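> Provided herewith is a single structure, encoded as structure tokens, for subsequent inquiry.
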Amino acid sequence: DTGVSQDPRHKITKRGQNVTFRCDPISEHNRLYWYRQTLGQGPEFLTYFQNEAQLEKSRLLSDRFSAERPKGSFSTLEIQRTEQGDSAMYLCASSIRGVRDEQYFGPGTRLTVT
Amino acid sequence: ELKVEQNPLFLSMQEGKNYTIYCNYSTTSDRLYWYRQDPGKSLESLFVLLSNGAVKQEGRLMASLDTKARLSTLHITAAVHDLSATYFCAVDPEAGGTSYGKLTFGQGTILTVHP
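Residue numbers (my numbering), protein chains in the order written: chain A, 11 to 124; chain B, 42 to 156.
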């Protein structure tokens with residue numbers, strides 16, 4: 011399977027705990043994006059990387075959210091001190107920077123904060 | 042702030058009928074995407090529209106883009122049950138020909154096709 015993969019697919023955590031999600035993009039893609047999707051809504055952009063550089067992070071929801079892409083390959087999204095409002099689907103997408111810049115989405119990580 | 046609005050939000054269709062989903066957006070952009078999402082699944086790319094007047098067709102779906110009106114349409118022809126899903130449009134607030142990839146999505150249109 012050469013698509014975008016995400017791990018874990020489901021995460022249940024208690025309020026106040028930290029969680030980390032991983033995304034592996036399609037191998038030749040140089041852009042990687044994180045989105046959050048809550049029930050009944052469209053995905054909401056959080057941040058993106060071009061290679062290892064994080065080009066936009068102002069949309070991260072609070073300073074509890076951070077993302078890395080240390081070697082320009084996989085990426086991690088960390089949420090510290092989780093709150094119940096963080097419960098959502100976290101989607102990763104990747105693309106090749108170019109005319110089309112078509113984003114391919116992974117299966118998502120569903121986070122439930124109890 | 043870029044706003045993307047879809048209508049209708051819910052669409053119940055009979056098999057064999059035609060219908061159109063509308064996507065309006067609030068700022069200049071030449072780059073619009075359509076995605077499909079099945080329940081509990083991720084998003085599947087359907088169409089990439091990159092210029093005014095762009096029209097793309099795949100099977101029973103046809104998408105078009107009017108950048109002057111800031112409007113895209115997704116037309117469904119002779120609907121079949123397999124088209125039941127949620128459809129999203131997404132706009133890239135492109136500036137100067139550079140794609141930023143920071144997509145803003147509409148709320149989605151939940152399509153149900155009945156026999």
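Ideal Cβ positions, reconstructed from N, Cα and C, are used throughout, including at glycine. Note that the structure is predicted; figures quoted are calculated from it, not measured.
Return the residue from the list G149(B), K97(B), V154(B) and T153(B) that minimises the CA-CA distance to Y63(B).
G149(B)
> What is the C-beta distance between G142(B) and Q113(A), in whole angstroms, given that I count them as a contact (C-beta under 8 Å)?
7 Å
> Under 8 Å, with one C-beta from each stretch per pair, do the region 109-122 of chain B and the region 30-49 of chain A reach the 3-pair mark?
no
> Using a beta-carbon distance cut-off of less than 7 Å, what residues from the region 48-64 of chain A approach chain B?
Q51, G52, P53, F55 and Y58
> Is H122(B) helix, strand or coil when you go by DSSP?
helix
> Does DSSP classify Q27(A) as helix, strand or coil?
It is coil, neither helix nor strand.
> Thinking C-alpha only, which one of A103(A), R120(A), V109(A) and S68(A) is nearest W44(A)?
A103(A)
> Straight-line CA distance for A110(B) to Y66(B)?
9 Å
> For T92(A), which of D34(A), L42(A), V123(A) and Q51(A) has the nearest alpha-carbon?
V123(A)
> R69(A) and F55(A): beta carbons closer than 8 Å?
Cβ atoms of R69(A) and F55(A): closer than 8 Å.
> May I ask you to report which of helix, strand or coil DSSP gives D96(A)?
helix
> Kindly list, in the order they appear in chain B, the residues whose Cβ is closer than 9 Å to that of G82(A).
Per Cβ cutoff of 9 Å: no residues; G82(A) is ~16 Å from chain B at best.
> Which bits of chain A does V89(B) rub up against, with CB to CB less than 8 Å?
R110 and E112
> For the region 128-153 of chain B, which residues have a beta carbon sitting closer than 8 Å to at least one beta carbon of chain A?
F129, A131, D133, S140, Y141, G142, K143, L144, T145, F146, G147, Q148 and G149
> Look at N40(A) and R110(A) and say whether their C-beta atoms are less than 8 Å apart.
no
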